[in-house]
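The structure under discussion appears below in the form of structure tokens.
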Amino acid sequence: MFIHESTIEELKEFFLQLNEPPYRAEQLFLRIHKHLSLSVEEFTEFPKKIRNYILENHLFPVLNLNYYESVDEGSDDSGTQKFIFEYQDTKESRSRIFESVWLVSEKRRTACISSQSGCSLNCTFCATAKIPFKGNLSTWQILQQIYQMIHHRNKHVDPKEKLTNVVFMGMGEPFYNYDNVIKAAKILNHPKGLNIGSRHITISTSGVIPGIERFISEKQPFNLAISLNHPFNEERSMLMDINTKYSLSDLLKVVKKYTQIYKRNITFEYILIPDVNMNKEHINELVKIAKSIRFCKFNLIPLNTNFNNWRSPTQEEILKFQEELRNHGVLAFYRGSPGKKINAACGMLALQKGISNELKV
Ligand code: SAH
43 MFIHESTIEE
53 LKEFFLQLNE
63 PPYRAEQLFL
73 RIHKHLSLSV
83 EEFTEFPKKI
93 RNYILENHLF
103 PVLNLNYYES
113 VDEGSDDSGT
123 QKFIFEYQDT
133 KESRSRIFES
143 VWLVSEKRRT
153 ACISSQSGCS
163 LNCTFCATAK
173 IPFKGNLSTW
183 QILQQIYQMI
193 HHRNKHVDPK
203 EKLTNVVFMG
213 MGEPFYNYDN
223 VIKAAKILNH
233 PKGLNIGSRH
243 ITISTSGVIP
253 GIERFISEKQ
263 PFNLAISLNH
273 PFNEERSMLM
283 DINTKYSLSD
293 LLKVVKKYTQ
303 IYKRNITFEY
313 ILIPDVNMNK
323 EHINELVKIA
333 KSIRFCKFNL
343 IPLNTNFNNW
353 RSPTQEEILK
363 FQEELRNHGV
373 LAFYRGSPGK
383 KINAACGMLA
393 LQKGISNELK
403 V
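In the numbering used here, the protein residues as written are 43 to 403.
Below, the structure written as structure tokens:
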């Protein structure tokens, strides 16, 4: 076990084995998930004996912050920052590397985090698909991306800045790492941790139906987003090969079930690629889908990469597409591509360093 991915109950068990009183469990949970200590030296309320036990048994590993880069001041997405983390597992002699992004808007401070190192899916438009897949992140590796970003921001940017939202929209498919992702989300939501509201934590899936089914049957309170990306089954399969496993019509059935049970909007992410999914017939079909689901909204994301000879839509094309959906009564939002200049926007996470390549830490 690791102490930074254990629930309070699991920590009670841990202290019982050490013949320590159970109140230590909550104390340790607070130390790690509320005060965000990243070093055992900071566990000053714990006797040396316990601290040494943790150190000697390697129960509290940390990620290396390998690289970070910010969007230049003055840009409308300034405040966006990209972080690259690395973890060298001494037992397995393998290294895992993954990215996270900190996003700043008027009302929100959002951590966009990874659930896997690389991704096992093969979406044709996504840069993460082009790098080797190195496996699922453990719960502590998911959480520590956030804790380290907060440390960094509080130290270098604003000591008072507070995280408001978390999105599982970095590298990887969260529902292929279901247990670790849900455990991390629960710890983020815990009153003795960062206490991020469950409606402020969003899990985004490419459409892994068994994961969605499980999420619904467990009544998980977090927000769900679906990367829809195309309204027609065959063409969707060409963009996202997961669609050959879990078809669009089955996906839409389970989405409908979610909205009926949760009575809240599902978010559809929709990548915008001219000539591929932005024509009249696509709009008409999206309107049909929206009318049948009823509780849904669309987040429009312009294509940020340049594979397959596709191009990104112009501002005018994006706004026209949005307006057409809105004219049909469909909720459609567009929030730009924050972090595009530093390879930090949607679908760009592929461990490329941005403009300058020097190691900054
Ligand atoms: N695997 C999960 C989590 C990743 S979220 C999922 O698919 O939902 C990343 C989001 O970025 C997805 O909605 C995806 O469709 C979008 N995306 C991927 N590549 C992109 C690109 N090149 N341009 C714009 N958006 C992209």
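Cβ coordinates follow ideal geometry from the N, Cα and C atoms, glycine included.
Note that this is a predicted model, so its numbers are computed, not measured.
Top-ranked residue by Cα proximity to residue i, from the options
{"i": "phenylalanine 127", "options": "Asn106, Ala332, Asp118, Glu111", "result": "Asn106"}
{"i": "glutamate 311", "options": "Gln302, Gly253, Cys388, Asn321", "result": "Cys388"}
{"i": "leucine 328", "options": "Phe349, Lys383, Ser291", "result": "Ser291"}
{"i": "serine 135", "options": "Lys176, Phe102, Ser156", "result": "Lys176"}
{"i": "lysine 395", "options": "Ser354, Asp131, Val143", "result": "Val143"}
{"i": "arginine 195", "options": "Glu111, Leu393, Ser157", "result": "Glu111"}
{"i": "asparagine 431", "options": "Leu345, Ser240, Trp352, Glu358", "result": "Coverage of the chain is limited to positions 43 through 403, which leaves residue 431 absent and any answer about it impossible."}
{"i": "glutamine 210", "options": "Phe140, Pro174, Phe375, Met43", "result": "The question names glutamine, but residue 210 is phenylalanine in the sequence shown. Considering only alpha carbons, the answer is Phe140."}
{"i": "phenylalanine 340", "options": "Asp221, Arg377, Gln186", "result": "Arg377"}
{"i": "glycine 381", "options": "Leu80, Glu276, Ser137, Val113", "result": "Val113"}
{"i": "asparagine 164", "options": "Ile284, Glu366, Ile313", "result": "Ile284"}
{"i": "isoleucine 254", "options": "Ala226, Lys299, Met282", "result": "Lys299"}
{"i": "histidine 272", "options": "Asn321, Ala67, Leu373", "result": "Asn321"}
Residue i: CB within 7 Å of a non-hydrogen atom of ligand 1
{"i": "glutamate 359", "result": "no"}
{"i": "cysteine 338", "result": "no"}
{"i": "isoleucine 331", "result": "no"}
{"i": "phenylalanine 167", "result": "yes"}
{"i": "serine 248", "result": "yes"}
{"i": "methionine 43", "result": "no"}
{"i": "leucine 179", "result": "no"}
{"i": "glycine 253", "result": "no"}
{"i": "asparagine 307", "result": "no"}
{"i": "proline 380", "result": "no"}
{"i": "glycine 214", "result": "yes"}
{"i": "glycine 121", "result": "no"}
{"i": "leucine 293", "result": "no"}
{"i": "isoleucine 313", "result": "yes"}
Range of the contiguous alpha helix (DSSP H) that encloses residue i
{"i": "proline 263", "result": "Counting along the chain, proline 263 falls outside any alpha helix (DSSP H), and DSSP gives it neither H nor E."}
{"i": "lysine 382", "result": "Run containing lysine 382: none; DSSP gives neither H nor E here."}
{"i": "serine 240", "result": "No alpha helix (DSSP H) contains serine 240, which DSSP labels as neither H nor E."}
{"i": "lysine 54", "result": "50 to 59"}
{"i": "valine 104", "result": "That residue, valine 104, is in no alpha helix (DSSP H); it is neither H nor E in DSSP."}
Residue(s) in a DSSP beta bridge with residue i
{"i": "asparagine 207", "result": "Thr152"}
{"i": "tyrosine 109", "result": "Ile126"}
{"i": "serine 246", "result": "Ala267"}
{"i": "lysine 406", "result": "The chain is shown from 43 up to 403; residue 406 falls before or after that span and cannot be answered."}
{"i": "glutamine 158", "result": "Asn178"}
{"i": "leucine 80", "result": "BP columns for leucine 80 are empty, so no partner."}
{"i": "leucine 314", "result": "Pro344"}
First and last residue of the uninterrupted beta strand (DSSP E) at residue i
{"i": "isoleucine 173", "result": "Here isoleucine 173 belongs to no beta strand (DSSP E), and DSSP marks it neither H nor E."}
{"i": "tryptophan 144", "result": "136 to 146"}
{"i": "phenylalanine 363", "result": "Note, phenylalanine 363: premise wrong, no beta strand (DSSP E); alpha helix (DSSP H) at 357 to 369."}
{"i": "phenylalanine 375", "result": "374 to 376"}
Residue i versus residue j - alpha carbon distance
{"i": "glutamine 123", "j": "glutamine 364", "result": "27 Å"}
{"i": "serine 248", "j": "glutamate 87", "result": "44 Å"}
{"i": "histidine 324", "j": "isoleucine 303", "result": "28 Å"}
{"i": "lysine 228", "j": "leucine 361", "result": "37 Å"}
{"i": "glycine 116", "j": "isoleucine 243", "result": "29 Å"}
{"i": "proline 103", "j": "valine 318", "result": "45 Å"}
{"i": "leucine 72", "j": "proline 233", "result": "10 Å"}
{"i": "leucine 270", "j": "proline 63", "result": "50 Å"}
{"i": "tyrosine 61", "j": "isoleucine 335", "result": "According to the sequence provided, residue 61 is asparagine. The question's tyrosine does not apply to it. Cα-Cα distance, rounded: 55 Å."}
{"i": "valine 403", "j": "asparagine 231", "result": "Because the pLDDT of valine 403 is 30, which lies under 50, any placement of that residue in the model is unreliable, and the question is left without a value."}
{"i": "histidine 77", "j": "glutamine 187", "result": "15 Å"}
{"i": "leucine 145", "j": "isoleucine 313", "result": "19 Å"}
{"i": "threonine 356", "j": "serine 137", "result": "39 Å"}
{"i": "valine 82", "j": "methionine 43", "result": "16 Å"}
Test: residue i CB closer than 8 Å to a CB of chain B
{"i": "histidine 272", "result": "The question asks about chain B, but that chain is absent: this structure has only one protein chain."}
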